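Peer 1: Got a structure here, written out as structure tokens. Questions coming.
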Amino acid sequence: MKYPALLNFRDVLPQLDEFDCIIDARSESEYALDHIPGAINCPVLNDEERIRVGTMYKQVNPFEAKKVGAGLVAKNIARHIEEKWLDKPREWKPLVYCWRGGNRSGSMAHILAKIGWPVVQLDGGYKAYRAHVSEALSEPPAHTFKVICGTTGSGKSRLLEVMAGIGAQVLDLEQLAAHRGSVLGHLPSQPQPSQKMFESMVWHTLRGFDTSLPVFVESESKKVGNLRVPDAVMAKMRQSPCVSLSLSRENRVRLLMEDYEHFTQSPEMLNAQLDCLVKLHGREKIDSWHGMANSGRMPELVAQLLAEHYDPAYLKSIDRNFVQFDKAEVVELGDISKDDFLAAARRLHPPSA
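Residues in the sequence shown are numbered consecutively from 1, following full-length UniProt numbering.
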């Protein structure tokens, strides 16, 4: 094969995991919005440089813009080679892409190939990749889902984490979305990814699974924070067999106190989120909950939120949205220790599975 090789995404996909490096040659803001999972960002033009060259292209003329752009591209590619790839052997095989698979990735691929590396350039670039992801997620997944259901605080996310740790196939949508899935689910230390990046991670996770084995997933609503679960994935989840995770309310309060410790340290942040519930519960009730938060009565507040908000909402929606819930396998947790979750995980995913 002659290098740089120009391949479309359909041809690249079967060998996507075999590349030694996937290089996103776009700017840092393009990369942050979405990228092929596992790719590293090595801009041939950064955000500021793209604006500079683009402005010159429009206000001066294309020739002058290309001269300036070529100098910047050459400097940036040289810097990436010196900082990242001087130690790579001749057999090192990178995949390079940009927005459409044109000048930016073409420049980098050309230089890497001239050095002697078997570099592949993605024809159609990120746009071709994104079209494939959108098409793949528009079809129902080929996998068999098992949906972990349970009231708020019953430990669904902890169970999924333990199951993943013992080798089960887990699609943890809340982890991918960086959100715990309720009005209080925002993680202060971690912003949510873009919708496109979320979809990329869902696609990437599912493509790595064995379709002959079940995929465990939590009973999410259509949105996890600000992000929407792909419609075909959600439809498949709602038709799938369920597991009902059971935990006493006392232990659920304990678990939530651990998982939402940041709210106990910042009542102001908690109260701001509680204000989102005014339309459902009225100003008087929300003010009462504010008072509990401000006075440090967090266990009492959590118990009331479960009894008056979360549990009624769960019971109202679960049967309607997950059609096999009435036949769910019940898994009871006696406590919230690691051993309790490990025992539950092994029940659902025995060592021989």
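Each residue gets a CB set at the ideal place from its N, CA and C atoms; glycine is no exception.
These numbers were taken from a predicted model, which means no experiment stands behind them.
My assumption, with CB atoms under 8 Å, is that H143 sits in contact with F216. Please give the rounded CB distance.
Peer 2: So it is not a contact: roughly 10 Å between Cβ atoms.
Peer 1: Measure the CB-CB distance between L277 and A293 and report whether it falls below 9 Å.
Peer 2: no
Peer 1: If we count the other Cβ atoms within 10 Å of its Cβ and call it buried at 16 or more, is P191 buried or exposed?
Peer 2: exposed
Peer 1: With DSSP as the reference, identify every bridge partner of R228, one or two as the case may be.
Peer 2: K223
Peer 1: Is there contact between the stretch 248-265 and the stretch 301-319, where contact requires at least three CB pairs shorter than 8 Å?
Peer 2: yes
Peer 1: Rounded to whole angstroms, what is the Cα-Cα separation between E268 and D275?
Peer 2: 11 Å
Peer 1: Could you check how far apart the C-beta atoms of V120 and V12 are, in whole angstroms? I think they sit under 8 Å.
Peer 2: Taking the Cβ atoms as the reference, V120 lies roughly 7 Å from V12, within the contact range of under 8 Å.
Peer 1: Look at the alpha carbon of V60 and the alpha carbon of V44, and state the distance between them as a whole number of angstroms.
Peer 2: 22 Å
Peer 1: Determine whether the beta carbon atoms of S105 and L122 lie at a separation below 9 Å.
Peer 2: In this structure, L122 lies closer than 9 Å to S105 by Cβ.
Peer 1: Could you tell me the alpha carbon to alpha carbon distance between K146 and D34, rounded to whole angstroms?
Peer 2: 28 Å
Peer 1: For a test of the three-state rule: what should DSSP assign to I51, helix, strand or coil?
Peer 2: helix
Peer 1: If you drop the 5 nearest sequence neighbours on each side, which residues of the same chain put their C-beta closer than 8 Å to that of R90?
Peer 2: Beyond the five residues adjoining it in sequence on each side, R90 comes within less than 8 Å, by CB distance, of G116, W117 in the same chain, given in chain order.
Peer 1: Could you give the DSSP three-state label for P94: helix, strand or coil?
Peer 2: strand
Peer 1: Just to confirm before moving on: does the CB-CB distance between V323 and V243 stay below 9 Å?
Peer 2: no
Peer 1: DSSP puts A5 in a beta bridge; with which residues?
Peer 2: Per DSSP, V120.
Peer 1: Does the separation of the CB atoms of Y97 and G69 fall below 9 Å?
Peer 2: no
Peer 1: Note down, in chain order, each residue of its chain lying with its Cβ closer than 7 Å to the Cβ of L159, except the 5 sequence neighbours on either side.
Peer 2: I148, L245, F341, A344, A345
Peer 1: Let me know if D319 comes out buried or exposed under the rule of 16 or more other beta-carbons within 10 Å of its beta-carbon.
Peer 2: exposed
Peer 1: So which of R249, K279, D24 has the shortest CA-CA distance to G334?
Peer 2: R249
Peer 1: When the Cα of H110 is compared with those of A235, V73, W99, E83, which residue comes out closest?
Peer 2: Looking at the Cα atoms, V73 is the closest of the given residues.
Peer 1: What does the alpha-carbon distance come out to for the pair I22 and I40?
Peer 2: Rounded to whole angstroms, I22 to I40 spans 6 Å at the Cα level.
Peer 1: Is it the case that the Cβ atoms of A5 and S194 are separated by a distance below 9 Å?
Peer 2: no
Peer 1: CA-CA distance, L173 and V133?
Peer 2: 17 Å
Peer 1: Could you name the residues of the same chain whose beta carbon sits closer than 6 Å to that of Y3, not counting the 5 residues immediately before and after it, in chain order?
Peer 2: So the list reads A113, P118, V119, once near-sequence residues are dropped.
Peer 1: With distances taken between CB atoms, is the gap from L137 to Q169 smaller than 9 Å?
Peer 2: no
Peer 1: Look at the Cβ atom of V233, then the Cβ atom of A177, and state whether they are nearer than 9 Å.
Peer 2: no
Peer 1: Which residues does DSSP list as the beta-bridge partners of C149?
Peer 2: S244
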